[in-house]
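S.K.: Handing you this structure, nothing more for now.
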Amino acid sequence: MSTPRSLPPAGSDPATLDLADPLFWTDPQSILRAARERGPTARTSNGDLVLLRADDVEFAHSDPRFRNPGVENLERSGISDGPFYEWRKRSLAALEGDEHQQLRTWVSRLFTPRQVSRLREGFRGRADFLLEKAAREKEEIEIVYEYARALPLWAVCHFLGIPDEDREELASFLFGTEEAFTAALTPEIRARAEAAIVALYEYSQRLIERRLAHPGDDALSELVASRSEADGVSDENFLALIVNIFGGAVGSTSATIANSIHLLLSHPEQAELVRREPERIKPAIEECLRFAPPFRIGQRVVAESLEAFGHALRPGDGIFIWRAAANRDPTRFENPDTFDIERPPNPHISFGHGPHFCLGHALGRVQAQQAILALLTGHPEAALVTRDPERVPFTMDEKLTSLIVRL
């Protein structure tokens with residue numbers, strides 16, 4: 434079995450990254466760049482290995498000698514029971530091996546070209562509506578919550594056939610679970626996450642019962658109708674999957690839309706290229722994904738002893754897979770710190786790699802493309818009011834706290 438190519442320069446010591454330091458999260462790329470100049474790996478202050486190069490990140494994502502940490506991070510935080518713990522234990526992202534592959538193969542039927550096309554048709558209209566409403570009422574829009582989050586929330590409701598009147602309630606549940614994906618998990622955040630998961634499970638159960646009684650032309654009806662084909666998928670795992678779809682469809686897509694708008698409006702000459710030639714939107718979104726990946730960090734655990742990345746690794750060793758650093762790897766990308774929508778090719782790792790490659794990548798891409806086109810072509814004078822937005826610290830997601838755009 435092959436091993437990754439990169440090894441640290443002779444005599445160099447890996448940099449140490451203090452993930453508990455708020456200053457790290459204000460400008461992580463400059464710190465990661467300095468760490469990568471010392472070698473292809475770093476260490477956290479807790480001793481976990483950090484991978485900074487693209488080849489190494491892909492290797493750790495795909496080689497079976499590394500496994501998913503599952504709920505081990507929660508257990509390290511003192512959480513070993515409760516609704517949030519049980520959901521994470523059963524979520525698609527935490528499963529491995531045959532159990533993961535079986536569930537993934539079954540649910541992949543949702544992400545067909547037909548479903549993507551169906552979503553595209555209504556999504557652009559919704560984006561235009563939100564922008565026109567904001568332009569009419571106040572001539573500006575708060576992108577993060579009024580647009581980048583509102584659009585994927587509408588999309589997942591449309592995708593699964595959820596009534597419009599349930600949308601705001603669902604949004605509050607999802608926010609409660611997203612808060613818990615942080616390195617600064619407090620008792621208050623945990624309590625909100627527990628309550629949100631209970632509510633999402635109850636809502637999902639009612640939704641499934643409705644589809645059994647009254648199937649419709651939506652993805653959830655299709656999934657419920659095929660339930661008998663999912664041998665070995667327990668009712669608990671099925672419910673966890675529905676909750677997983679809710680969360681996965683909103684959080685990362687909303688981050689992609691907000692980050693993309695910030696990047697393109699910060700580079701007006703490149704935004705103008707997309708306005709004049711809308712077919713450029715696809716490579717533009719790929720560059721936005723490379724430059725600001727929505728899910729910037731992954732984690733793996735060593736499953737068996739091996740020599741890799743210039744280190745002797747033992748079972749149980751923790752590894753941080755830093756996709757945001759890999760996407761700026763100069764051995765893969767020319768001028769990696771330059772934002773360039775004409776970059777060819779663009780083999781970024783923003784959707785992961787290997788068995789856990791993001792199932793909803795096509796849906797996410799379509800939403801980001803249509804959301805940005807609606808803004809750039811429908812409101813050609815759009816400009817940033819918030820020039821230097823703050824980012825949410827201590828999270829695996831690359832998220833902005835707020836972004837105001839004048840329409």
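Counting in this note's numbering, the sequence shown runs from 434 upward without gaps. For glycine and all other residues, C-beta sits at the position ideal for the given N, C-alpha and C. Owing to the predicted nature of the structure, the values given are computational and were not obtained by experimental measurement.
Given this structure, state the Cα-to-Cα distance separating Leu452 from Glu470, to the nearest angstrom.
M.R.: C-alpha separation (whole angstroms): 19 Å.
S.K.: Let me know the secondary structure DSSP gives Phe827 once reduced to three states.
M.R.: Reduced to three states, the DSSP call for Phe827 is coil.
S.K.: Would the beta-carbon of Lys522 fall within 8 Å of that of Val504?
M.R.: Against a cut-off of 8 Å, the Cβ pair of Val504 and Lys522 comes out as a contact.
S.K.: Assuming contact is defined by CB atoms lying nearer than 8 Å, are His533 and His786 in contact in what I supplied?
M.R.: No, these two residues do not count as a Cβ contact at 8 Å.
S.K.: Compare the Cα-Cα distances from Arg839 to each of Asp496, Arg569, Ala448 and report the closest residue.
M.R.: The shortest Cα separation from Arg839 among Asp496, Arg569, Ala448 belongs to Arg569.
S.K.: In chain order, what residues of the same chain lie with their CB nearer than 8 Å to the CB of Arg600, ignoring the 5 residues before and after it?
M.R.: Result list for Arg600: Leu586, Trp587, Cys590, in chain order.
S.K.: Which one or two residues does DSSP pair with Leu792 in a beta bridge?
M.R.: Partner(s): none; Leu792 has no beta bridge.
S.K.: Looking only at its own chain, which residues have a Cβ that is under 6 Å from the Cβ of Leu633, when we skip the five neighbours before and after it?
M.R.: Closer than 6 Å at the Cβ level, and outside the excluded window around Leu633, lie Phe606, Val676.
S.K.: Would Ile694 pass as a contact of Ile774 if the rule is Cβ separation under 8 Å?
M.R.: No, the Cβ-Cβ distance between Ile694 and Ile774 is not below 8 Å.
S.K.: Classify Phe742 as buried or exposed, calling it buried when 16 or more other Cβ atoms lie within 10 Å of its own Cβ.
M.R.: Phe742 should be labelled buried.
S.K.: Short check: CB of His700 to CB of Phe753, under 8 Å?
M.R.: In this structure, Phe753 does not lie closer than 8 Å to His700 by Cβ.
S.K.: With respect to the beta strand (DSSP E) encompassing Leu482, which residues constitute its N-terminal and C-terminal limits?
M.R.: From DSSP, the beta strand (DSSP E) with Leu482 extends over 482 to 484.
S.K.: Is the segment 707 to 720 close to the segment 633 to 650, with three or more CB pairs under 8 Å?
M.R.: The segment 707 to 720 is not in contact with the segment 633 to 650.
S.K.: Distance check for Leu484 and Leu450, CA to CA, integer angstroms please.
M.R.: Rounded to whole angstroms, Leu450 to Leu484 spans 12 Å at the Cα level.
S.K.: From the DSSP output, which residues share a beta bridge with Gly731?
M.R.: The partner list for Gly731 (beta bridge, DSSP) reads Ile754.
S.K.: Which same chain residues, not among the five before or five after Gly731, have their C-beta less than 6 Å away from its C-beta?
M.R.: Cβ neighbours of Gly731 beyond the five flanking positions: Ile754.
S.K.: In this structure, does DSSP put Phe606 in helix, strand or coil?
M.R.: If DSSP states are grouped into helix, strand and coil, Phe606 belongs with the helices.
S.K.: Under a Cβ-count criterion, where at least 16 other Cβ atoms within 10 Å of its own Cβ denotes burial, should Arg820 be classed as buried or exposed?
M.R.: Counting Cβ neighbours within 10 Å, Arg820 comes out exposed, since fewer than 16 surround it.
S.K.: To the nearest angstrom, how far is it from the Cα of Arg713 to the Cα of Asn670?
M.R.: Rounded to the nearest angstrom, the two C-alpha atoms are 40 Å apart.
S.K.: In the DSSP assignment, find the unbroken alpha helix (DSSP H) run with Arg709 in it and report its ends.
M.R.: Unbroken alpha helix (DSSP H) run through Arg709: 701 to 709.
S.K.: Cα separation between Glu637 and Ser513?
M.R.: Note that residue 637 is Ser in the sequence shown, not Glu. Roughly 24 Å separates the two Cα atoms.
S.K.: Quick check on the DSSP output: the beta strand (DSSP E) that includes Glu575 runs from which residue to which?
M.R.: 573 to 575 is the extent of the beta strand (DSSP E) around Glu575.
S.K.: Three or more beta-carbon pairs under 8 Å between the segment 547 to 559 and the segment 795 to 809, yes or no?
M.R.: The answer is yes - the segment 795 to 809 touches the segment 547 to 559, with three or more Cβ pairs under 8 Å.
S.K.: Determine the direct distance from the alpha carbon of Asn506 to that of Asp446, and round the result to whole angstroms.
M.R.: Taking the straight line from one Cα to the other gives about 27 Å.
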